[in-house]
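Some notes on the structure that comes next.
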Ligand SMILES: [Zn+2]
Ligand SMILES: [Zn+2]
């Protein structure tokens with residue numbers, strides 16, 4: 006198997022998964038097509054997809070790296086319980102890059118806004134636990 010084919014396959018899986026999977030989650034998906042692939046190979050390919058600008062790393066809690074096939078600036082909502090990341094839709098008129106710093110000299114080159122919260126799955130679990138008590 007050629008390296009570019011592996012990378013292509015990994016990118017396809019990343020694009021199909023909306024919840025910003027970790028390397029391990031991608032590995033589990035890719036393994037269904039390529040049973041012999043190793044986690045290290047998946048990891049290396051994810052890194053090279055990022056350096057090629059075809060994917061992006063997402064900062065989360067707990068140090069687990071997650072990956073995103075959407076490379077354009079967009080906002081994320083991060084669950085503070087499980088670390089899952091969702092994309093947030095913003096109005097087209099909302100242009101954070103048009104914001105100006107108070108002391109005006111700061112050149113804004115990109116936007117990274119993370120919204121923090123609790124995802125529906127964790128909320129459900131939390132409510133269940135409450136009911137049991
Ligand atoms: Zn969660
Ligand atoms: Zn995203």
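Numbering (the numbering used here), first residue to last: 6 to 138. Heads up, the beta-carbon is just placed ideally off N, CA and C, and yes, glycines get one too.
- Short note on residue 113: C-beta not closer than 7 Å to any heavy atom of ligand 2.
- In the structure shown, residue 117 adopts coil according to DSSP, grouped into three states.
- Distance between residue 49 and residue 40, taken at the CA atoms: about 17 Å.
- By the neighbour-count criterion, in which a residue is buried when 16 or more other Cβ atoms sit within 10 angstroms of its Cβ, residue 26 is buried.
- DSSP, read as helix, strand or coil, puts residue 76 in coil.
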